[in-house]
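To start, the structure itself, in structure tokens.
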Amino acid sequence: RHNRVAGPDFQWRYSTSQMVTGQWLFSDTRTPAEGSFASHGADLQWSHQTTHLELASRYKDAGDGFRADTGFVPQVGFREVFARGGWTVRPDGSVRNLRMFVTVTRQTDRSGALITRAVTPTAQMNVPWSGYLQFRLIEDRVRSQSQMFDRRQFGFLARFSPSPRVAEVQLDGTAGTNVDFTDSRPA
């Protein structure tokens, strides 16, 4: 039995506001139950960040036979593209940092069939009591077994550190339509 993983990674900061990072891994695995298989994993990211503007993109690719026993790899056999664009303002007053952005994600299996597609506009802000608020509208299409489902949810996160005695209070959740992935039906 073995799981061997090797490959290069890099980080290139080609200006004060732009960076590219990447990793390409190869894995070779042999198990008594599953036999031998080998594949690759790739992760390439680009980001541009200034005082107000943030742009980012990411490409992930994990072959069907990719394994990394010493790392957390919850899913293989997919390709994913991700893009985010956002704007940050720093007003005076109770809201000290307001960041608004949109994230778009598309993930497919190795044959090109859709696994998930999501568009998520988000607003997050720093507020008094060392507080942080985030509100997001989640519009996605997901696959469960062989069926596709549309979901529309409102997500929220509120986190405060009101005093030295109360280190943190947090409320996190989503509301809206969902999918029962066990039975492949709307929840």
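1046 is the number of the first residue of the sequence shown in this note's numbering; add one for each residue after it. Where a beta carbon is used, it is the ideal one built from N, C-alpha and C, also for glycine.
Could you check whether residue j and residue i sit closer than 8 Å to each other, using their CB atoms as the reference points?
i, j, result
"residue 1084", "residue 1108", "yes"
"residue 1052", "residue 1082", "no"
"residue 1203", "residue 1178", "yes"
"residue 1219", "residue 1194", "no"
"residue 1135", "residue 1142", "yes"
"residue 1165", "residue 1159", "no"
"residue 1126", "residue 1090", "no"
"residue 1146", "residue 1184", "no"
"residue 1048", "residue 1114", "yes"
Pick helix, strand or coil for residue i, following the three-state DSSP scheme.
i, result
"residue 1209", "coil"
"residue 1147", "strand"
"residue 1231", "strand"
"residue 1226", "coil"
"residue 1204", "strand"
"residue 1111", "coil"
"residue 1263", "There is no way to answer for residue 1263, as the model of the chain reaches only from 1046 to 1232."
Which stretch, first to last residue, makes up the beta strand (DSSP E) that contains residue i?
i, result
"residue 1082", "1080-1094"
"residue 1101", "1098-1107"
"residue 1075", "1063-1076"
"residue 1218", "1214-1221"
"residue 1051", "1047-1051"
I'd like the ranges of any beta strand (DSSP E) spanning at least 3 consecutive residues and lying wholly in the segment 1119-1188. Within the segment 1119-1188, the complete beta strand (DSSP E) runs of at least 3 residues are 1123-1134, 1142-1154, 1159-1172.
For the segment 1068-1083 against the segment 1095-1104, do three or more pairs of beta-carbon atoms, one drawn from each stretch, fall closer than 8 Å, so that the two count as touching?
Result no; under three Cβ-Cβ pairs closer than 8 Å.
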